[in-house]
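Taking it in order: structure first as structure tokens, then the write-up.
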Amino acid sequence: MSLPFINIFGKDSIQEVLGDREFPNKTFISWLVAEKIPFYLRIKGNVDICVGKRKFKTSAQLFNHLAPYQQQIFGMKVQVFG
Numbered sequence: 001m002s003l004p005f006i007n008i009f010g011k012d013s014i015q016e017v018l019g020d021r022e023f024p025n026k027t028f029i030s031w032l033v034a035e036k037i038p039f040y041l042r043i044k045g046n047v048d049i050c051v052g053k054r055k056f057k058t059s060a061q062l063f064n065h066l067a068p069y070q071q072q073i074f075g076m077k078v079q080v081f082g
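For the sequence shown, position 28 (counting from the first letter as 1) is numbered 28 according to full-length UniProt numbering, and the numbering increases by one without interruption.
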């Protein structure tokens, strides 16, 4: 994948990528994973999520205990469906 920003500044200048709910793109996310670039995405409340071998019906159910601006980080692969 050729991106103008990386062509000019290099991949090492990226600390992380932050994206909103409309942002997810399977090809771009796969590229971020392959390049080991950390990313954080907001996701819609009706999206199904699988963390490890545990499946949660929706992201709203998984994160409903969090206060506004609070975050939860998983130290493992998280699959998002939807």
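Glycine included, every Cβ here is placed at the ideal spot set by N, Cα and C.
Please read all numbers here as calculations on a predicted model, not as lab measurements.
If you measure between the beta carbons of residue i and residue j, is that distance less than 9 Å?
i: Ile43; j: Gln79; result: no
i: Pro38; j: Val17; result: yes
i: Ser59; j: Gly75; result: no
i: Ile8; j: Ile14; result: no
i: Lys11; j: Glu35; result: yes
i: Phe63; j: Gln72; result: yes
So if DSSP puts residue i in a beta bridge, which residue, or which two residues, is it bridged to?
i: Ile49; result: Phe56, Val80
i: Gly19; result: Leu41
How close, in whole Å, do the beta carbons of residue i and residue j come, if the pair is a contact with beta carbons under 8 Å?
i: Leu41; j: Phe23; result: 6 Å
Please state whether DSSP places residue i in a helix, a strand or coil.
i: Gln71; result: coil
i: Phe25; result: Going by the sequence as given, residue 25 is Asn instead of Phe. Of the three classes helix, strand and coil, the one that applies to Asn25 here is coil, per DSSP.
i: Leu62; result: helix
i: Leu32; result: helix
Locate the alpha helix (DSSP H) running through residue i, then write down its first and last residues.
i: Ile14; result: Run containing Ile14: none; DSSP gives neither H nor E here.
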